[in-house]
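Residue numbers for the sequence shown follow the working numbering, so the first one is 1 and each next one is one higher. For each residue, glycine too, the CB sits at the ideal point set by N, CA and C. The structure appears below as structure tokens.
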Amino acid sequence: MSAGVFVLVLAAAIVLLILLIIKLNVHPVMALFTTALLTGIVLGYGVTGTAETISAGFGSTLTGVGITIILGAIISMAIEDTGAAKSIANFFIKLFRGKNMELAPSLTAFIMSIPVFGDITMVLTAPIASMISKRKHISMSTMASFTGLGLFLTHGLVPPTPGILAIAIMFEADLGLTIVWGVVFSLIAFFATWLLLRKWTEKEWIDPNPEMVKGLEETNSDSVEDLLIKEPNLPGTFTSFLPLLLPVVLISLSSFANMYAPEGSAIRVIFTTIGHKVIALFIGVLYSIFLGYKQRKSVLRAYEVNFPAEANSKLKDIILNKWVARALVVCLAPLLITAMGGAFGKILSSAPALEPLSQAIGNSPIPGILVPWAVAAIMMTAVGSMTTAGMTAAAIVLPMMPALGLSPLAAVMAIGAGTLMGNHYNNSGFWVMGQFFHLNSKQSLKYVTLPCAVASVIAIVAIAIVNAVGLLG
1 MSAGVFVLVL AAAIVLLILL IIKLNVHPVM ALFTTALLTG IVLGYGVTGT AETISAGFGS
61 TLTGVGITII LGAIISMAIE DTGAAKSIAN FFIKLFRGKN MELAPSLTAF IMSIPVFGDI
121 TMVLTAPIAS MISKRKHISM STMASFTGLG LFLTHGLVPP TPGILAIAIM FEADLGLTIV
181 WGVVFSLIAF FATWLLLRKW TEKEWIDPNP EMVKGLEETN SDSVEDLLIK EPNLPGTFTS
241 FLPLLLPVVL ISLSSFANMY APEGSAIRVI FTTIGHKVIA LFIGVLYSIF LGYKQRKSVL
301 RAYEVNFPAE ANSKLKDIIL NKWVARALVV CLAPLLITAM GGAFGKILSS APALEPLSQA
361 IGNSPIPGIL VPWAVAAIMM TAVGSMTTAG MTAAAIVLPM MPALGLSPLA AVMAIGAGTL
421 MGNHYNNSGF WVMGQFFHLN SKQSLKYVTL PCAVASVIAI VAIAIVNAVG LLG
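If you want it as structure tokens, here you go:
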């Protein structure tokens, strides 16, 4: 099969995926499976060969990210029930001294979205954003723009978020350096976009959801005390951050130990052991369990409010059983979508026609760093899932790597930046943002889609500059 015919098959596969997900409302798992099966058959693998390739891609992806997704979901349950999310928001309220208060929920979401799923982060930060909106008379257009931007940036660029984690594993990029540079580029894109768009977002007034601000009154005060989220028994700031930061810090330290500590030294062995992604996240889970026991009153109160039918549950049963059960329910869809995305990717990456296609692209005048970004942006606009878009783009780009002349780290960062583009009607996160941040669909396009697109462009410019000076390998 020629490169031209393969491009036509790929385009047809993308169109089919769009039709299944958007027009026919087929679940992404089945849409990806159906598309992968038909694509494999058309590419000449045969029915049996296609099924075996799909199974191999599904299994290898699940092996790489399955446990980390489950452990991250358990941590998110602890963040929700212990009140840690509100303590983190209070930290940023104090940090900015009552000024630029949209940054409080935005940076809370930025941090929380690293090990916690994006939709969960939206649910946890929406009440915080709404309360600050009411108290400080800040439009929800501003709150939604930058809270959504914060969580989508780290969701797209910073492991152990499932999609970018799986992409880093596919490219065999150093995980610790992926985290470090992902955070750097996310911060650059966030603050540059905030500076560019903050005045524009203030031009339209949108009220917060009335259900989230019952009993709150507006205040002209810049006093931090008037703005703090006040609830009894909230955990301290440091203890609230630890479930989120422990895994990230341990994984990053492992990478630096691999680079700078002598091979076979005790320091290298210790840090590479506790910095393994599964071990690091499990340490985060263990600390979350400790935090749950420490914040027993908050946990029990959360169950009384949110799960009245289980209000009499014992603390031990909540932390060791119900947190896990809830986490498994929450993570099932992202887990299977990520794995099936890997299966579809395996079908594409196994095609012999990718070699001449990659050579043609490598010989074109297009800068190599823009290719993975553009492919990911097109896929995201088409399929509406950052994970699916990133995984599919990775499968297309991976065989092109020798021709593109990119390091694995640079390609991973470019794909992550590309998945920020085209966040619109076919993305579930788009609708969740609109629902919880009190936006209609037109407003969501303005205050969710546009900021993400601006950040995507800023991120790829920063990545291209850093890559040009050789810092990405």
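With residue i and residue j assumed to form a contact (beta carbons below 8 Å), what rounded beta-carbon distance in angstroms separates them?
i: Ile-274; j: Leu-250; result: 5 Å
i: Ile-206; j: Met-140; result: 4 Å
i: Ala-389; j: Ala-374; result: Wrong, their Cβ atoms sit about 12 Å apart, outside the cutoff.
i: Thr-121; j: Ala-129; result: Wrong, their Cβ atoms sit about 11 Å apart, outside the cutoff.
i: Met-433; j: Gly-148; result: 5 Å
i: Ala-464; j: Gly-342; result: Contact flag wrong, Cβ pair sits at about 27 Å.
i: Val-412; j: Thr-63; result: Contact flag wrong, Cβ pair sits at about 19 Å.
i: Ala-56; j: Lys-442; result: At roughly 44 Å, the Cβ-Cβ gap does not stay under 8 Å, so Ala-56 and Lys-442 are not in contact.
i: Thr-154; j: Ser-113; result: 5 Å
i: Pro-247; j: Leu-281; result: 5 Å
Provide the residue span of the alpha helix (DSSP H) that contains residue i, from first to last.
i: Gly-390; result: 386–397
i: Thr-154; result: 140–157
i: Gln-295; result: Careful: Gln-295 lies outside any alpha helix (DSSP H) and carries neither H nor E.
i: Trp-323; result: 323–349
i: Arg-97; result: Per DSSP, Arg-97 belongs to no alpha helix (DSSP H) and is neither H nor E.
i: Ser-313; result: Neither: Ser-313 is in no alpha helix (DSSP H) and is coded neither H nor E.
i: Glu-225; result: 224–227
i: Ser-407; result: Looking at the DSSP string, Ser-407 is not in any alpha helix (DSSP H), and its letter there is neither H nor E.
i: Phe-185; result: 175–201
i: Phe-437; result: Unbroken run through Phe-437: none, as it is neither H nor E.
i: Thr-61; result: 47–82
i: Gly-4; result: 3–18
i: Ile-474; result: An answer regarding residue 474 cannot be provided, because it is not within the stretch 1 to 473 covered by the chain.
i: Val-457; result: 450–468
i: Ala-353; result: Taken as a continuous stretch (DSSP letters only), Ala-353 belongs to no alpha helix (DSSP H), as it is neither H nor E.
i: Asn-258; result: 237–260
i: Met-30; result: 28–42
i: Ser-113; result: Note, Ser-113: premise wrong, no alpha helix (DSSP H); not H, not E.
i: Leu-165; result: 162–171
What's the gap between the Cα of residue i and the Cα of residue j?
i: Ile-188; j: Pro-451; result: 14 Å
i: Val-285; j: Leu-17; result: 36 Å
i: Leu-151; j: Leu-20; result: 27 Å
i: Ala-192; j: Tyr-45; result: 47 Å
i: Asn-283; j: Leu-245; result: The question names Asn, yet the displayed sequence has Ile at residue 283. Distance between the alpha carbons of Ile-283 and Leu-245 is about 11 Å.
i: Phe-256; j: Gly-264; result: 14 Å
i: Leu-8; j: Ile-378; result: 15 Å
i: Pro-93; j: Ala-84; result: With the sequence shown as reference, residue 93 is identified as Ile, and Pro is not the correct amino acid for it. Taking the straight line joining both Cα atoms gives about 14 Å.
i: Leu-300; j: Leu-242; result: 21 Å
i: Thr-239; j: Ala-12; result: 50 Å
i: Pro-127; j: Val-213; result: 8 Å
i: Ser-87; j: Gly-59; result: 39 Å
i: Leu-398; j: Ala-455; result: 24 Å
i: Phe-146; j: Trp-194; result: 7 Å
i: Ile-475; j: Thr-449; result: The requested residue 475 does not occur in the structure, where the chain is confined to residues 1 to 473.
i: Leu-37; j: Val-457; result: 34 Å
i: Ile-22; j: Val-65; result: 27 Å
i: Leu-475; j: Gly-429; result: Past the edges of the chain, shown from 1 to 473, lies residue 475, and the structure says nothing about it.
i: Glu-172; j: Ala-395; result: 13 Å
i: Lys-277; j: Ile-319; result: 22 Å
i: Lys-136; j: Glu-218; result: 6 Å
Tell me whether residue i is buried or exposed, calling it buried when 16 or more other Cβ atoms sit within 10 Å of its Cβ.
i: Met-259; result: exposed
i: Tyr-293; result: exposed
i: Asp-174; result: buried
i: Pro-308; result: exposed
i: Asp-81; result: buried
i: Ser-223; result: exposed
i: Asn-220; result: exposed
i: His-438; result: buried
i: Lys-99; result: exposed
i: Leu-32; result: buried
i: Leu-24; result: exposed
i: Ser-288; result: buried
I'd like the list of long-range same chain contacts for residue i, defined as Cβ closer than 7 Å, with 5 residues on each side in sequence excluded.
i: Val-29; result: Leu-336, Ile-337 and Met-340
i: Glu-202; result: Ser-139 and Thr-142
i: Ala-393; result: Pro-372, Val-375, Ala-376, Met-379, Ile-415 and Gly-418
i: Trp-323; result: Ile-74, Met-77 and Ala-78
i: Glu-231; result: Gly-83 and Lys-86
i: Ala-351; result: Phe-6 and Leu-43
i: Ser-444; result: Phe-430, Met-433 and Gly-434
Going along the chain, which residues of its own chain have a beta-carbon closer than 6 Å to the beta-carbon of residue i, five neighbours each way excluded?
i: Gly-156; result: Met-386, Gly-416, Thr-419 and Leu-420
i: Arg-296; result: Leu-315
i: Ala-73; result: Ala-327, Val-330 and Cys-331
i: Gly-473; result: Ser-407 and Leu-409
i: Val-183; result: Val-158
i: Leu-253; result: Phe-271 and Gly-275
By Cβ distance below 8 Å, which residues in the same chain neighbour residue i in space, the five residues on each side in sequence not counted?
i: Thr-34; result: Leu-16, Leu-20 and Val-26
i: Pro-356; result: Ser-2 and Ala-3
i: Phe-96; result: Leu-103 and Ala-104
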